[in-house]
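Each remark here refers to the structure printed beneath this line.
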């Protein structure tokens, strides 16, 4: 994909400046144990990783825990990263797996709760991070409830596809590459996700006009 | 609402144009493909309506996500101290010899029980395309997925039967030791099957086979529950797993009571 490709212009690769000298150089240095180089890679990719985790898990504290876990895994696996795909693509794949692991543990916890083996925790709708603004948290909490309720209606495959395309603003092609699915499957999953979300969200805007081409 | 509007609302979106519509929602359509869609939209009210609705949903989710995701995150300060911490491994680590022994044991039991159950098993569970879903995989891939689904059921059945038919004698500690069980081995097998089930269920769902995906997910959840039974609470935990299996026997298309009478 060339720099002049329209898709590249609208959907900056998750690999930032894909394999640009600066990221390649940082990667090589980090693989040789340069902690500062790794820090700069973290800073370059943390927003995208966090945004994906937040879309899938819907809790800022969980998303931050998973994002840290992603970079820990990346740090421990750096020597094995061969560069077949871009670093950002690789990190997104690791994020998907880390979120699934997190949800698997959470599902077991819910099983235990439903069986009465452990007490249910209080609902955490508020951003518990120290830097959270209470007023923003209230507004965010309402939005988060809306998104959480809507996204919960999706299957896992629909959800991760939708979050990658819609929330992380990756292209359909990039989403297909990260999830390991065919582009046709990605489009189908997006269609089903949008239809389900339509049913979950409040009634459609009044006066909706038919789409013009 | 005018008759024309009612007609446009009830006219369904053409299935064959869904890919085009999704590309249009995300503005990833151009050239000849765009022209094809434009010509179609000129004469298809259903698709025009569908595109408008899909765009509205996308915009709404984008607006909500923008609000939530505008916060910056700084991971490094909490991440840095953890980089040098020793890596924690999962509590179980299967050795190759253990894997081979477990596989052989399950295969031997599975062949016997699978043959016994075959008339009740596979034909009662729908295979092939879910009419309401989509067929995105090539036929060869779908056949592979069919095979994988059937194999997963066959491999799961022996362990499910073993759990369903087990009775742990009442003991002061209620633990697995009272039944002379190697609960650790069972947990490892269950954990493996739980992970496989989750992956398989996702692929089935992506291929539109909701019922098979649901069945696979249910089995995977049971194995997850089984894999996390503690040795000390084994009796109580096992009773709960068995109760769950009884409650969901319909979904399994298997009757635990019928199997017990065989």
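Residue numbers (this note's numbering), protein chains in the order written: chain A, -19 to 193; chain B, 38 to 299.
A virtual CB, placed ideally from N, CA and C, is assigned to each residue, including glycine.
For this session: Check the Cβ of residue 58 of chain A against every Cβ in chain B and list those closer than 8 Å, keeping chain order.
Result: None at all; the shortest Cβ gap to chain B is about 11 Å.
Exercise. Under 7 Å Cβ-Cβ, which residues of chain B neighbour residue 170 of chain A?
Worked result: 59
Problem set entry | Whole-angstrom distance between residue 149 of chain A and residue 135 of chain A, CA atom to CA atom | Residue 135 of chain A and residue 149 of chain A: Cα-Cα distance of roughly 20 Å.
Exercise. Does any C-beta atom of chain B lie closer than 8 Å to the C-beta of residue 75 of chain A?
Worked result: Contact of residue 75 of chain A with chain B is not assigned, every C-beta pair being separated by 8 Å or more.
Problem set entry | Proximal residues, the region 265 to 283 of chain B versus chain A, C-beta separation under 7 Å | Of all residues in the region 265 to 283 of chain B, the ones placed with a Cβ closer than 7 Å to any Cβ belonging to chain A are 265 and 277, in chain order.
For this session: Quick one: measure Cβ to Cβ for residue 224 of chain B and residue 264 of chain B, integer angstroms, because I've assumed they're closer than 8 Å.
Result: Here residue 224 of chain B really is in contact with residue 264 of chain B; their C-beta atoms are around 5 Å apart, less than 8 Å.
Exercise. Can you give, in chain order, each stretch of the alpha helix (DSSP H) that sits fully within the region 57 to 94 of chain B and has at least 4 residues?
Worked result: 68 to 80
Problem set entry | Alpha-carbon spacing of residue 79 of chain B relative to residue 88 of chain B, whole angstroms | 12 Å
Exercise. Does any C-beta atom of chain A lie closer than 8 Å to the C-beta of residue 110 of chain B?
Worked result: yes
Problem set entry | Span separating the alpha-carbon of residue 27 of chain A from that of residue 48 of chain A | Each residue's Cα considered, the two are about 12 Å apart.
Exercise. Under 7 Å Cβ-Cβ, which residues of chain A neighbour residue 94 of chain B?
Worked result: Within chain A, the residues near residue 94 of chain B are 174, 177, 178 and 181.
Problem set entry | Distance CB(residue 166 of chain A)-CB(residue 156 of chain A) smaller than 8 Å | yes
Exercise. Exposed or buried, residue 176 of chain A, counting other C-beta atoms within 10 Å across all chains shown (16 or more means buried)?
Worked result: buried
Problem set entry | Exposure of residue 128 of chain A, with buried meaning 16 or more beta-carbon neighbours within 10 Å | Exposed, because fewer than 16 other Cβ atoms sit within 10 Å of the Cβ of residue 128 of chain A.
Problem set entry | Close-in-space but distant-in-sequence residues of the same chain around residue 237 of chain B (CB under 7 Å, 5 per side omitted) | Exclusion of the five residues before and after residue 237 of chain B leaves 185, 186, 189 and 253 as the residues of its chain whose Cβ lies within less than 7 Å of its Cβ.
Problem set entry | Nearest to residue 168 of chain A (by Cα), restricted to the options A/2, A/142 and A/147 | The candidate whose alpha carbon is nearest that of residue 168 of chain A is A/142.
Problem set entry | Burial state of residue 56 of chain A, where buried means 16 or more other Cβ atoms lie within 10 Å | exposed
For this session: Grab the span of the alpha helix (DSSP H) containing residue 174 of chain A for me, first residue to last.
Result: Segment 163 to 180, the alpha helix (DSSP H) holding residue 174 of chain A.
Problem set entry | Proximal chain B residues relative to residue 26 of chain A, where beta-carbon distance stays under 7 Å | Simply 110 and 112.
Problem set entry | Where residue 149 of chain A falls: helix, strand or coil (DSSP) | coil
Exercise. Using the beta-carbon of each residue, which ones in chain A are nearer than 9 Å to residue 56 of chain B?
Worked result: 163, 164, 167, 168 and 171
For this session: Go through its chain and collect everything with a Cβ distance to residue 250 of chain B's Cβ below 7 Å, but skip five positions before and after it.
Result: 238, 241 and 242
Exercise. Helix, strand or coil: how does DSSP classify residue 133 of chain A here?
Worked result: coil
Problem set entry | Closer than 7 Å at the beta carbon, the chain A residues around residue 97 of chain B | 181
Problem set entry | residue 274 of chain B - DSSP class collapsed to helix/strand/coil | Residue 274 of chain B: helix per DSSP, three-state reduction.
Exercise. In terms of residues, what are the limits of the alpha helix (DSSP H) holding residue 113 of chain B?
Worked result: 113 to 116
For this session: For residue 23 of chain A, return the contacting residues in chain B, with the cut-off set at a CB-CB distance below 9 Å.
Result: Near residue 23 of chain A (Cβ distances below 9 Å), the residues of chain B are 111, 112 and 113.
For this session: Report yes if the CB atom of residue 227 of chain B is closer than 8 Å to the CB atom of residue 275 of chain B, and no otherwise.
Result: no
For this session: Spell out whether any CB of chain A is found under 8 Å from the CB atom of residue 189 of chain B.
Result: The Cβ of residue 189 of chain B sits no closer than 8 Å to any Cβ of chain A.
Exercise. Can you find a CB in chain A that lies within less than 8 Å of the CB of residue 223 of chain B?
Worked result: no
Exercise. For chain A, is any of its Cβ atoms less than 8 Å away from the one on residue 116 of chain B?
Worked result: yes
Problem set entry | Contacting positions in the region 238 to 256 of chain B - beta carbon closer than 7 Å to chain A | 239, 242 and 243
Problem set entry | Members of the region 132 to 145 of chain A near chain B, C-beta cut-off 7 Å | 135, 136, 137 and 145
For this session: Indicate whether residue 24 of chain A and residue 18 of chain A have their beta-carbon atoms separated by less than 8 Å.
Result: no
For this session: Would you mind giving the Cβ-Cβ distance between residue 53 of chain A and residue 22 of chain A, rounded to the nearest angstrom? I have them listed as a contact below 8 Å.
Result: Not really, about 12 Å apart at Cβ, beyond 8 Å.
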